[in-house]
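Participant: With numbering that gives the first Met the number 0, the residue at position 170 of the sequence shown is 169, and numbering never jumps.
For every residue, glycine included, the Cβ atom is placed at its ideal position computed from N, Cα and C.
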Amino acid sequence: MAGKTKLLVEEAVTLKHSILHSELEALLVEAELVRSYQPTYNILLKDDKTPLYIVITKETFPRVLTARKKSLLYTQQKGTIFGPFPSAYKVRQVLHIARRIFPWCNERIKTGKPCFYFHLGLCSGACAGKIKTEEYQQTIVHLKEFLRGKTSKLLSSMKVELKRASAAQDFEKAALYRDQMRMIEEVTKNPHILGPNLDLPQLSSLESENMLAELRRVLSQYISLPKTYVLERIEGYDISNTQGLRPVASMVVFTHGRADTQEYKSFNIRLGETPNDYGM
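As structure tokens, then:
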């Protein structure tokens, strides 16, 4: 047992765990816990070099930025900080998801013209005066709760706000809350929303093995070979043509379960001038 792990085990008093719905939710909750408690033995997320932070600025129309730990001395006086996050790749994914739900404006100078992201539906139009200050700031409040991983609390408060908007017959705002709540539920309950788990590749490997087992089960329904038959070579063919002209066939070969590139071949087909793969 490594020295750090040995000390951790010796000093630990209790063990607590939280059941979350997705990797996204786990990532946000982990970052918030590390920021709050600064655990002594969590070297990976406390290292100055690798972690990245999300910063929401203190402005009339707050912007959402990213910063390394060394630059936080400047930014910590100017906004709310979330993190640390283990990689820039994860941060980009989190912000991409969050901005689809809670559009924000990152234009420092408001020119009165819609920015590029407004046309993509990723900016609420603060740059062009298309949203009131209090509405924009309410969106940022929701965004902060989302980035803290407090999705249950956020959904509860948004449900109250939706009912309040409906009672006031502000149906446009009610529809906005409804759509945002649906997206929050979708992304927090989708275990694969952040793509393959690059930090724990063994999880992806396990998933691949499960998929392979399912593939074997499905194929066994359509391909029946005697159990004593030794399958040494598999050939696969693909036919392509240009609107029925100049047909070509390509062949790939697997020998003993491995791609045998030296056996790959390409054939010019001289019979048939119509798009008929099976006939060719």
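Taking three-plus beta-carbon pairs below 8 Å as touching, is the region 90-97 in contact with the region 123-137?
Facilitator: no
Participant: Should the region 152-162 be regarded as contacting the region 114-133, the criterion being three or more beta carbon pairs within less than 8 Å?
Facilitator: Proximity of the region 152-162 to the region 114-133 falls short of the contact definition, fewer than three beta-carbon pairs being nearer than 8 Å.
Participant: Closest to Ile-183 by CA distance: which of Val-217, Ala-125, Leu-146 is it?
Facilitator: Leu-146
Participant: Tell me the DSSP secondary structure of Ile-139 in three-state form.
Facilitator: helix
Participant: On the CB-based measure, 16 or more other CB atoms within 10 Å of its CB, does Gln-179 come out buried or exposed?
Facilitator: buried
Participant: Do you know how far the Cα of Lys-264 is from the Cα of Gly-256?
Facilitator: Cα atoms of Gly-256 and Lys-264: separation of roughly 18 Å, rounded to the nearest angstrom.
Participant: Taking the alpha-carbon of Val-247 as reference, which of Asn-267, Glu-262, Gly-78 has the nearest alpha-carbon?
Facilitator: Asn-267
Participant: Could you tell me which residues DSSP pairs with Glu-234 in its beta bridges?
Facilitator: Answer by DSSP bridge pairing, in chain order: Val-252.
Participant: Less than 8 Å between the C-beta atoms of Phe-84 and Leu-32, yes or no?
Facilitator: no
Participant: For Val-217, is the classification buried or exposed, using 16 other Cβ atoms within 10 angstroms of its Cβ as the cut-off for buried?
Facilitator: exposed
Participant: What does the Cβ neighbour count give for Leu-6, buried or exposed, with the cut at 16 atoms within 10 Å?
Facilitator: exposed
Participant: My assumption, with CB atoms under 8 Å, is that Val-252 sits in contact with Arg-269. Please give the rounded CB distance.
Facilitator: Not really, about 23 Å apart at Cβ, beyond 8 Å.
Participant: Buried or exposed: Thr-110, going by 16 or more other Cβ atoms within 10 Å of its Cβ?
Facilitator: Counting of Cβ neighbours within 10 angstroms places Thr-110 among the exposed residues, the total staying below 16.
Participant: Just to confirm the assignment, what range does the beta strand (DSSP E) spanning Val-159 have?
Facilitator: In the DSSP assignment, Val-159 falls outside any beta strand (DSSP E) and within the unbroken alpha helix (DSSP H) covering 150-166.
Participant: Work out the CA separation of His-141 and Ile-53 for me, nearest whole Å.
Facilitator: Cα to Cα, Ile-53 sits roughly 15 Å from His-141.
Participant: Rounded to the nearest angstrom, what separates Leu-211 and Val-28 at their Cα positions?
Facilitator: 32 Å
Participant: Would you decide whether Glu-185 is buried or exposed? Buried here means 16 or more other CB atoms lie within 10 Å of its CB.
Facilitator: exposed
Participant: Check whether the Cβ of Cys-126 lies closer than 8 Å to any Cβ atom in chain B.
Facilitator: Structure shown: chain B not included; a single protein chain is present.
Participant: Kindly provide the ranges of any alpha helix (DSSP H) runs that are 4 or more residues long and lie completely inside the region 81-107, ordered along the chain.
Facilitator: For the region 81-107, the continuous alpha helix (DSSP H) assignments of 4+ residues that do not extend past its boundaries occur at 87-100, in sequence order.
Participant: Which whole-angstrom value describes the C-beta separation of Cys-104 and Ala-125, a residue pair presumed to lie in contact below a C-beta threshold of 8 Å?
Facilitator: 4 Å
Participant: How would you call Gly-120, buried or exposed, if buried means at least 16 neighbouring beta carbons within 10 angstroms?
Facilitator: exposed
Participant: Looking at C-alpha atoms only, which residue of Ser-223, Thr-65, Ile-55, Glu-10 is the closest neighbour of Pro-38?
Facilitator: Among Ser-223, Thr-65, Ile-55, Glu-10, the Cα nearest to that of Pro-38 belongs to Glu-10.
Participant: Quick one, which of Val-12, His-16, Cys-122 has its alpha-carbon nearest Phe-60's?
Facilitator: Per the Cα distances, Cys-122.
Participant: State the start and end residues of the unbroken beta strand (DSSP E) segment that holds Thr-65.
Facilitator: First-last of the beta strand (DSSP E) with Thr-65: 63-67.
Participant: To the nearest angstrom, how far is the alpha carbon of Phe-81 from that of Gly-128?
Facilitator: 28 Å
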